[in-house]
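Q:
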Amino acid sequence: MILYPAIDLKDGQCVRLLRGEMSAATVFGDDPAAQAAKFEAAGCTWLHLVDLNGAFAGQPVNAAAVEAILNRITVPAQLGGGIRDMATIEMWLAKGLARVILGTVAVEDPDLVKQAARAFPGQVAVGIDARNGFVATKGWAHETTVQATDLARSFEDAGVAAIIYTDIDRDGAMQGPNISATEALARAVTIPVIASGGVSSLADLAALKATGVIAGAISGRALYDGAIDLATALNRLKD
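Residue numbers (numbering that gives the first Met the number 0): 0 to 238.
#1: Could you work out which residue in Arg-235, Phe-119, Gln-174 and Arg-169 is closest to Arg-130 when comparing CA atoms only?
#2: Taking Ala-147 and Val-134 to be in contact with their CB atoms under 8 Å, please state how far apart those CB atoms are, rounded to whole angstroms.
#3: In whole angstroms, what separates the C-alpha of Ala-226 from that of Gly-79?
#4: I'd like to confirm the pairing. Which residues does DSSP put opposite Pro-59 in its beta bridges?
#5: With DSSP as the reference, identify every bridge partner of Ser-195, one or two as the case may be.
#6: What residue from Cys-43, Ala-97 and Ile-68 has the CA that sits closest to Cys-13's CA?
#7: Does the distance from the CB of Ala-214 to the CB of Ala-180 come in under 8 Å?
#8: Pick out whichever of Thr-231, Arg-186, Gly-219 and Ile-178 has its Cα sitting closest to the Cα of Leu-201.
#9: Excluding the five sequence neighbours on either side, which residues of its own chain have a C-beta within less than 6 Å of the C-beta of Ile-190, listed in chain order?
#10: Enumerate, from N- to C-terminal direction, the unbroken beta strand (DSSP E) stretches of 3 or more residues contained entirely within the region 34–99.
#11: DSSP state of Glu-241, grouped into three classes?
#12: Is the region 3–20 close to the region 46–61, with three or more CB pairs under 8 Å?
#13: Whose C-alpha, out of Gln-122, Val-123, Leu-46 and Gln-174, is nearest the C-alpha of Tyr-3?
#14: Where do the N-terminal and C-terminal ends of the alpha helix (DSSP H) with Ile-178 fall, by residue?
#15: Determine the closest residue to Pro-120 out of Val-99, Lys-137 and Arg-18, with distance taken between C-alpha atoms.
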């Protein structure tokens, strides 16, 4: 199981939100590229980046910070937030991103996701963010009537590289991930599922890995707070 350290970008800074609320942002640093380098030095094999402003704006906002990170690291990185058309997908992949994450458009324009997955094999992931099992879009500000499992299944044969599943009510709350919902989703599809939201201890990582069906886990606040030591966690996950 791959551990993805998260760098959430707001106004060019590294932040963490509480349950997706932009007004509840904690700033952890003003040099995202330096933070990315620290994560890489600790041994991570992937990075997870989010353009929070972009998720609300519907277009890239923290591009300069993302580019600075890409210029600083050698490990692959995936990015979500404000990626809603083919031109933006192509732009980011050309700049060196290993994978783009499509969230809002997965609900609003699923054909774009399928087109992108065909055009860029292995480089397109779907972000499914849910409250009580129902998908939320546009920076989690808009709640839909689409069930997370139904959305995931709709991309089953599309060539999507991964699904990043976030339980919004757990995100940034340091209360542990929703393991049962994440495991159920992972068992419902053959697409690799990455858990996000609430991963806050080595025990959480062990429990996710123990399901045997979850391909990865994203953690942010716990790494910044020191609740998870990255090097220790990576060693544990190798076993």
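Yeah, the Cβ is synthetic: ideal placement off N, Cα and C, and Gly gets one too.
A: Taking the geometry as given:
#1: The sequence position of residue 130 within the sequence shown is 131, counting from 1. Ranking Arg-235, Phe-119, Gln-174 and Arg-169 by Cα distance to Arg-130 puts Arg-169 first.
#2: Numbered from its first residue, the sequence shown carries residue 147 at position 148. Numbered from its first residue, the sequence shown carries residue 134 at position 135. That pair is a contact at about 6 Å.
#3: The residue given as residue 226 occupies position 227 in the sequence shown. The residue given as residue 79 occupies position 80 in the sequence shown. Each residue's Cα considered, the two are about 25 Å apart.
#4: Position 60 of the sequence shown holds residue 59. For Pro-59, which the question treats as bridged, DSSP gives no partner whatsoever.
#5: For the purposes of this step, residue 195 is taken as residue 196 along the sequence shown, with counting starting at 1. Bridge partners of Ser-195: Thr-165.
#6: Within the sequence shown, residue 13 is the residue found at index 14, counting from 1. Cα-wise, what sits closest to Cys-13 is Ile-68.
#7: In the sequence shown, counting from the first residue as 1, residue 214 sits at position 215. In the sequence shown, counting from the first residue as 1, residue 180 sits at position 181. No; because the gap between Cβ atoms is not below 8 Å, this pair is not in contact.
#8: Here residue 201 corresponds to residue number 202 of the sequence shown, with the count starting at 1. When only C-alpha atoms are compared, the closest one is Thr-231.
#9: Stepping through the sequence shown from its first residue, residue 190 is reached at position 191. For Ile-190, where only same-chain residues beyond five positions count, the Cβ hits under 6 Å are Val-159 and Ile-162.
#10: 46–50 and 76–79
#11: For residue 241 there is no data in the structure shown, the boundaries of the chain being 0 and 238.
#12: Flag = yes, the region 3–20 and the region 46–61 touch.
#13: Taking the first residue of the sequence shown as position 1, residue 3 is located at position 4. Here the closest residue by C-alpha is Leu-46.
#14: Numbered from its first residue, the sequence shown carries residue 178 at position 179. It spans 178–187 - the alpha helix (DSSP H) in which Ile-178 sits, taken as one unbroken run.
#15: Here residue 120 corresponds to residue number 121 of the sequence shown, with the count starting at 1. Nearest option by C-alpha distance: Val-99.
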